[in-house]
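Student: Just so you know, the sequences run in chain order V and P. Per UniProt numbering, the first sequence starts with residue 1, numbered consecutively. Per UniProt numbering, the second sequence starts with residue 1, numbered consecutively. We treat Cβ as the ideally placed atom computed from N, Cα and C, and that holds for glycine. In this text the structure is predicted, and so the values were computed from the model without any measurement.
Protein chains: 2
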Amino acid sequence: MYRSHTCGELRATHINEEVTLSGWVQKIRNKGFMIWVDIRDRYGVTQLIFDEERTPKEMMEQAAQLGREFVIQVKGKVIERESKNPQLPTGDIEILVSEFTLLNASLTPPFTIENETDGGEELRMKYRYLDIRRNPVKESLMFRHKVGMNVRNYLSQEGFIEVETPYLIKSTPEGARDFVVPSRMNEGQFYALPQSPQTFKQLLMVGGMDKYFQIVKCFRDEDLRADRQPEFTQIDCEMAFVEQEDILNIFEGLTRHLLRDIKGVEIGDFPRMTYADAMKKYGNDKPDIRFGMEFAELNDLVKGKGFNVFDEQELIVGIAVPGAASYTRKQIDALINWVKRPQIGANGLIWAKYNEDGSLKSSVDKFYSEEDLTAWAKETGANPGDLILVMGGNTDTTRTQLSALRMHLATELGLRNANEFAPLWVVDFPLLEWDEETKRFHAMHHPFTSPKPEDKKLLETDPGAVRANAYDLVLNGNEIGGGSIRIHDKATQAKMFDYLGFTPEEAKAQFGFLMNAFEYGAPPHGGLAFGFDRLVAILGGQETIRDFIAFPKNNAGRDVMIDAPSKLDEEQLKELHLQVKL
Amino acid sequence: MYRSHTCGELRATHINEEVTLSGWVQKIRNKGFMIWVDIRDRYGVTQLIFDEERTPKEMMEQAAQLGREFVIQVKGKVIERESKNPQLPTGDIEILVSEFTLLNASLTPPFTIENETDGGEELRMKYRYLDIRRNPVKESLMFRHKVGMNVRNYLSQEGFIEVETPYLIKSTPEGARDFVVPSRMNEGQFYALPQSPQTFKQLLMVGGMDKYFQIVKCFRDEDLRADRQPEFTQIDCEMAFVEQEDILNIFEGLTRHLLRDIKGVEIGDFPRMTYADAMKKYGNDKPDIRFGMEFAELNDLVKGKGFNVFDEQELIVGIAVPGAASYTRKQIDALINWVKRPQIGANGLIWAKYNEDGSLKSSVDKFYSEEDLTAWAKETGANPGDLILVMGGNTDTTRTQLSALRMHLATELGLRNANEFAPLWVVDFPLLEWDEETKRFHAMHHPFTSPKPEDKKLLETDPGAVRANAYDLVLNGNEIGGGSIRIHDKATQAKMFDYLGFTPEEAKAQFGFLMNAFEYGAPPHGGLAFGFDRLVAILGGQETIRDFIAFPKNNAGRDVMIDAPSKLDEEQLKELHLQVKL
Numbered sequence: 001m002y003r004s005h006t007c008g009e010l011r012a013t014h015i016n017e018e019v020t021l022s023g024w025v026q027k028i029r030n031k032g033f034m035i036w037v038d039i040r041d042r043y044g045v046t047q048l049i050f051d052e053e054r055t056p057k058e059m060m061e062q063a064a065q066l067g068r069e070f071v072i073q074v075k076g077k078v079i080e081r082e083s084k085n086p087q088l089p090t091g092d093i094e095i096l097v098s099e100f101t102l103l104n105a106s107l108t109p110p111f112t113i114e115n116e117t118d119g120g121e122e123l124r125m126k127y128r129y130l131d132i133r134r135n136p137v138k139e140s141l142m143f144r145h146k147v148g149m150n151v152r153n154y155l156s157q158e159g160f161i162e163v164e165t166p167y168l169i170k171s172t173p174e175g176a177r178d179f180v181v182p183s184r185m186n187e188g189q190f191y192a193l194p195q196s197p198q199t200f201k202q203l204l205m206v207g208g209m210d211k212y213f214q215i216v217k218c219f220r221d222e223d224l225r226a227d228r229q230p231e232f233t234q235i236d237c238e239m240a241f242v243e244q245e246d247i248l249n250i251f252e253g254l255t256r257h258l259l260r261d262i263k264g265v266e267i268g269d270f271p272r273m274t275y276a277d278a279m280k281k282y283g284n285d286k287p288d289i290r291f292g293m294e295f296a297e298l299n300d301l302v303k304g305k306g307f308n309v310f311d312e313q314e315l316i317v318g319i320a321v322p323g324a325a326s327y328t329r330k331q332i333d334a335l336i337n338w339v340k341r342p343q344i345g346a347n348g349l350i351w352a353k354y355n356e357d358g359s360l361k362s363s364v365d366k367f368y369s370e371e372d373l374t375a376w377a378k379e380t381g382a383n384p385g386d387l388i389l390v391m392g393g394n395t396d397t398t399r400t401q402l403s404a405l406r407m408h409l410a411t412e413l414g415l416r417n418a419n420e421f422a423p424l425w426v427v428d429f430p431l432l433e434w435d436e437e438t439k440r441f442h443a444m445h446h447p448f449t450s451p452k453p454e455d456k457k458l459l460e461t462d463p464g465a466v467r468a469n470a471y472d473l474v475l476n477g478n479e480i481g482g483g484s485i486r487i488h489d490k491a492t493q494a495k496m497f498d499y500l501g502f503t504p505e506e507a508k509a510q511f512g513f514l515m516n517a518f519e520y521g522a523p524p525h526g527g528l529a530f531g532f533d534r535l536v537a538i539l540g541g542q543e544t545i546r547d548f549i550a551f552p553k554n555n556a557g558r559d560v561m562i563d564a565p566s567k568l569d570e571e572q573l574k575e576l577h578l579q580v581k582l
Numbered sequence: 001m002y003r004s005h006t007c008g009e010l011r012a013t014h015i016n017e018e019v020t021l022s023g024w025v026q027k028i029r030n031k032g033f034m035i036w037v038d039i040r041d042r043y044g045v046t047q048l049i050f051d052e053e054r055t056p057k058e059m060m061e062q063a064a065q066l067g068r069e070f071v072i073q074v075k076g077k078v079i080e081r082e083s084k085n086p087q088l089p090t091g092d093i094e095i096l097v098s099e100f101t102l103l104n105a106s107l108t109p110p111f112t113i114e115n116e117t118d119g120g121e122e123l124r125m126k127y128r129y130l131d132i133r134r135n136p137v138k139e140s141l142m143f144r145h146k147v148g149m150n151v152r153n154y155l156s157q158e159g160f161i162e163v164e165t166p167y168l169i170k171s172t173p174e175g176a177r178d179f180v181v182p183s184r185m186n187e188g189q190f191y192a193l194p195q196s197p198q199t200f201k202q203l204l205m206v207g208g209m210d211k212y213f214q215i216v217k218c219f220r221d222e223d224l225r226a227d228r229q230p231e232f233t234q235i236d237c238e239m240a241f242v243e244q245e246d247i248l249n250i251f252e253g254l255t256r257h258l259l260r261d262i263k264g265v266e267i268g269d270f271p272r273m274t275y276a277d278a279m280k281k282y283g284n285d286k287p288d289i290r291f292g293m294e295f296a297e298l299n300d301l302v303k304g305k306g307f308n309v310f311d312e313q314e315l316i317v318g319i320a321v322p323g324a325a326s327y328t329r330k331q332i333d334a335l336i337n338w339v340k341r342p343q344i345g346a347n348g349l350i351w352a353k354y355n356e357d358g359s360l361k362s363s364v365d366k367f368y369s370e371e372d373l374t375a376w377a378k379e380t381g382a383n384p385g386d387l388i389l390v391m392g393g394n395t396d397t398t399r400t401q402l403s404a405l406r407m408h409l410a411t412e413l414g415l416r417n418a419n420e421f422a423p424l425w426v427v428d429f430p431l432l433e434w435d436e437e438t439k440r441f442h443a444m445h446h447p448f449t450s451p452k453p454e455d456k457k458l459l460e461t462d463p464g465a466v467r468a469n470a471y472d473l474v475l476n477g478n479e480i481g482g483g484s485i486r487i488h489d490k491a492t493q494a495k496m497f498d499y500l501g502f503t504p505e506e507a508k509a510q511f512g513f514l515m516n517a518f519e520y521g522a523p524p525h526g527g528l529a530f531g532f533d534r535l536v537a538i539l540g541g542q543e544t545i546r547d548f549i550a551f552p553k554n555n556a557g558r559d560v561m562i563d564a565p566s567k568l569d570e571e572q573l574k575e576l577h578l579q580v581k582l
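(1) According to a CB-to-CB cut-off of less than 7 Å, which residues of the segment 61 to 82 of chain V neighbour chain P?
(2) Identify the continuous alpha helix (DSSP H) that holds residue 273 (chain P) and give its terminal residues.
(3) From the DSSP output, in three-state form, read off residue 466 (chain P) for me.
(4) Among V:492, V:582 and V:577, which one has its Cα closest to the Cα of residue 634 (chain V)?
(5) Can you tell me where the alpha helix (DSSP H) with residue 40 (chain V) in it begins and where it stops?
(6) Please state if the CB of residue 536 (chain P) and the CB of residue 206 (chain P) are separated by a distance shorter than 7 Å.
(7) Which residues in chain V sit within 8 Å of residue 513 (chain P), going by Cβ to Cβ distance?
(8) Can you give, in chain order, each stretch of the alpha helix (DSSP H) that sits fully within the segment 125 to 167 of chain V and has at least 4 residues?
(9) Between residue 179 (chain V) and chain P, is the shortest Cβ-Cβ distance under 7 Å, so that the two count as touching?
(10) How big is the Cα-Cα spacing for residue 650 (chain P) and residue 253 (chain P)?
(11) Beta-carbon of residue 471 (chain P) versus every beta-carbon of chain V: anything under 7 Å?
(12) Compile a chain-ordered list of the residues in the segment 126 to 149 of chain P whose CB is closer than 7 Å to at least one CB of chain V.
(13) Judging by CA-CA distance, which residue of P:68, P:122, P:115 and P:125 is the nearest neighbour of residue 104 (chain P)?
(14) Counting Cβ pairs closer than 8 Å, one from the segment 538 to 549 of chain P and one from the segment 493 to 505 of chain P, do we hit at least three?
(15) Taking the alpha-carbon positions, what's the residue 75 (chain P) to residue 50 (chain P) distance?
(16) According to a CB-to-CB cut-off of less than 7 Å, which residues of the segment 96 to 120 of chain V neighbour chain P?
(17) Going by CA-CA distance only, name the one from P:131, P:106 and P:30 that's closest to residue 118 (chain P).
(18) Is the beta carbon of residue 15 (chain V) less than 7 Å from the beta carbon of residue 114 (chain V)?
(19) CB residue 291 (chain P) to CB residue 281 (chain P), shorter than 7 Å?
(20) With DSSP run on the structure shown, which of helix, strand or coil describes residue 389 (chain V)?
(21) Three or more C-beta pairs under 8 Å: does that hold for the segment 36 to 53 of chain P against the segment 9 to 27 of chain P?
(22) With 16 other CB atoms within 10 Å as the buried threshold, where does residue 3 (chain P) fall?
(23) Say whether chain P places a C-beta atom closer than 7 Å to the C-beta of residue 369 (chain V).
(24) Taking just the CA atoms, how far does residue 557 (chain P) sit from residue 396 (chain V)?
(25) Pull up the distance between the alpha-carbon of residue 238 (chain P) and that of residue 211 (chain P), whole angstroms please.
(26) Once DSSP output is grouped into helix, strand and coil, what is the label at residue 183 (chain P)?
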């Protein structure tokens, strides 16, 4: 038996017990006559003591030769510590070692195994097994497990059945790119790895499973943007005999439950907002509503006052920045430069200070009277002490730019508190979205999403205006989930494929099995999927997902630890009937 | 809202309530003046009633036009049934329908949606979404979910952390064949899908995770034997600072827990048996110990009595078949023919009847006296009324043949009761196994398995005799799990790769990251993996795994429902820098 207790377990109540511990050497302090060694495992740290009065000489020498991250086993007596460490759960005691075994030595680790490490990202990834020993990473992985168990138990208690759908499926050119898998037994043919289990979960609904979920890996062979992974995990759900309202209620319940159980946070209001409103009020379909600074459209107030810059624009929109009337010229210039950067691409920023004394002062005083500015203040909800910022231009662009500025300001003003949680449903997404490049409509969610019945007639005349039964769950400005009520009849599904530019032959070749299934009594159904990596990171109070993934890949899709992907030898390629053509 | 209740929910206590149900038409009985419709969902079946006195004429006509598997929604009043059906949980009531909506029609399903269907295997697979509507399949999938939740909750409570390991890893030529995945971003390079997360779980132990588990898909591109799938699910576990005994105890606990919670079965004895004993007593490394018929080696008793057939053989071994002394000559001939079939390949079978009256009669009375036969009876443990069957030949072959006969007889005698559970640890497996084809030793478990310290010295002189710290969990004659204590130092691991015929360069290229990790304080560790598909099937009392997998592949590795794998178009191949060469 390698241990009687873990390194995080012993307390004053254990004093005088004989114990056995195993773990890693965290720290050594050698005073010559006395050596203290901190021994660490997943559960904590315990101090060992060797001293020349009580420890055999040979063991003193062994202890003196220990290095960081050596693996040792010790037996000894739990004794009271002279100088207690209240920071440490085991800080009341130490172990007077009587037996000592070196289980494994260690080379000097390439970075320090501490909460704050000196290792850079790349080094940490190459030696991820050492990085995982660090508390922040280890705890992130344990936190992920806790969230996963919580989700599973909640959904299971709600009557959902976890069903494993296949990983070796069929390639579909729709949407982002599939990873493919050559089949040795079926020469010249390929499987694809799922981008999501979408069609399978719909088939499970046709199969009467009623409530399905799965925490499942999905795959996307896309150029990796920051914080995207080629393999990622989804909480995938689907329900039969439901309307949008039923789904929102169930997953509002899950979100409340997670926040309560995991974070101890009770959510009061759980608002719903249409996509149109979100765009109008926040310039964004995943607004962070932990703070205000809502958009005010000012066209009626600012046009026709002789200020050409505004007169020419499609949309003029402003926000009130709380307490920022005191910003210096330099601070405001910094904001103007920030929005002019190519990443944002705005032409500039008009400002108006609503001073504490009630007076108003703007960068466009030449065109606008104090009365005009008072109207701006009213419209943006500015109070004395606030700074009003106004942008103008094409509607979509201006909203995007002001949304970025709003988030930037919130971060600067400390309004994005990682321990505050403000969930929100965004509903009534457009069904279709125009793609300038291919000059046709694409499915905004995916081609299985149903149009709102009352908008169906617009499909012929104004497809871009058709709203879908589609919804996103937004948490603190992040889209963490999204879904829709699906089409469940063959005719509508065929029509949708037609709108999306599929020929009937293509639709049949790729989704024939689903359309066939719709002919055998498909029930009304819908569902959603949460991005599990993102959800865990946000619940953990982090912006990036990488430390919540045990073995992530880098931005080139490489695992630098195992050095994958790599070349295959000719023999292996031959068996797969493949040739590489660079 | 599509329903107020499910189709399995209503009881006599609901009588007079107005309810809404949705589901599939299971059955229609049309008496003209009265129509009964059974409506089905995941939760059960409820009877609807339409009658000409109480139902509007138009609705009667609609009801009359319903077909099997149509999807309907009805509102109505719960009323007491005239002739109750005690077989059905909802059998006390029926619904007098007042509103009726056809949600979706259905073509006539290609096979009946009943517990016993008229559909053949291939048809059921092609329309798997209809097959899943059948109770046996639906319940198997729900049972799988229940077992999965149980395993997760048990291991989580025992301090195990579920960590997701990557699916896009590195190809290793060792063992069965990898599925590979070309990388678009890394031209000419490939990932591999994991055959198991073996190296990653070991790295998690190096990373201090201490106790890891994962219910995870694994992949093997092998020619499919019966009841194998190219993708399959494992319960994968690993622990640090453990010896074999610790692992056996934990997973004995899991097995007991599952049998108690899932099957209501309390396991008394949980025996351990060495591999050598299992081979000697059952001719098999996964013995079914629900019944006796243990092997008795009879060399000393049968040789030198003038019966040449036995004198020449390496091993003579017998079993006592309970109550089979009454077998007719014809029955015994059938057994002899059974073992002579090419699948078994035995030369024959010697028999001796130990009659109820105590007399003994054999097929070799010419050579063996009643006294000799009495000694056989004693050695095989035969009682009056039993039949002794004896085979001889080369040790390995004879054991295999008699083991097959033992299982055949047990099935014939009804000794393999699916509701009885007899788990067993088989321990001390050989480390290496000689492969006649390649003329070298292979790892019996895998190359990371540690030899027993006391056998290490035999590695140089008699490698085949070295025992490993490896163990299998056997349940009712099926291997459901296996594992080992791993090597955790670089030197031993390098030596093992050497024994297995890897050059140092090959070992480094394929497993360099693991050997490097061993240099940074790798703890002693070990683990095991359960075959989840098999475990669920056995707990479910079934021999085959296919109905416990939602969307299985056929023996050619094809999903006949979605028609995968399939060809890629040229464009897609070009992007992957690949060419198919048939």
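Tutor: Looking at the atomic coordinates:
(1) So the list reads 69, 70 and 71, given in the order they occur along the chain.
(2) Here residue 273 (chain P) belongs to no alpha helix (DSSP H); instead the beta strand (DSSP E) covers 272 to 274.
(3) Coil.
(4) Absent from the structure is residue 634 (chain V), since the part of chain V shown begins at 1 and ends at 582.
(5) Segment 34 to 41 is the beta strand (DSSP E) holding residue 40 (chain V); no alpha helix (DSSP H) there.
(6) No, the pair does not count as a contact, with Cβ atoms beyond the cut-off.
(7) Result: 561, 562 and 563.
(8) The segment 125 to 167 of chain V contains these whole alpha helix (DSSP H) runs: 128 to 131 and 135 to 157.
(9) Yes, residue 179 (chain V) lies at the interface with chain P (some Cβ there is under 7 Å from its Cβ).
(10) As displayed, chain P neither begins before 1 nor continues past 582, which places residue 650 (chain P) out of reach and without an answer.
(11) No, because no Cβ of chain V sits closer than 7 Å to the Cβ of residue 471 (chain P).
(12) Answer set for the segment 126 to 149 of chain P: 129, 130, 132, 133, 138, 141, 142, 145, 148 and 149.
(13) Per the Cα distances, P:68.
(14) Taking a contact to require three or more Cβ pairs closer than 8 Å, the segment 538 to 549 of chain P and the segment 493 to 505 of chain P do not qualify as touching.
(15) Cα to Cα, residue 75 (chain P) sits roughly 12 Å from residue 50 (chain P).
(16) Of all residues in the segment 96 to 120 of chain V, the ones placed with a Cβ closer than 7 Å to any Cβ belonging to chain P are 103, 104, 106, 107 and 109, in chain order.
(17) In this structure, P:131 is the residue among P:131, P:106 and P:30 with its C-alpha nearest to the C-alpha of residue 118 (chain P).
(18) In this structure, residue 114 (chain V) does not lie closer than 7 Å to residue 15 (chain V) by Cβ.
(19) Going by C-beta atoms, residue 291 (chain P) is not nearer than 7 Å to residue 281 (chain P).
(20) Strand at residue 389 (chain V).
(21) With the rule of 3 Cβ pairs closer than 8 Å, the segment 36 to 53 of chain P counts as touching the segment 9 to 27 of chain P.
(22) With 16 or more other Cβ atoms inside 10 Å of its own Cβ, residue 3 (chain P) counts as buried.
(23) Residue 369 (chain V) does not count as touching chain P.
(24) Taking the straight line joining both Cα atoms gives about 49 Å.
(25) It is roughly 6 Å from the alpha-carbon of residue 238 (chain P) to the alpha-carbon of residue 211 (chain P).
(26) Coil at residue 183 (chain P), not helix or strand.
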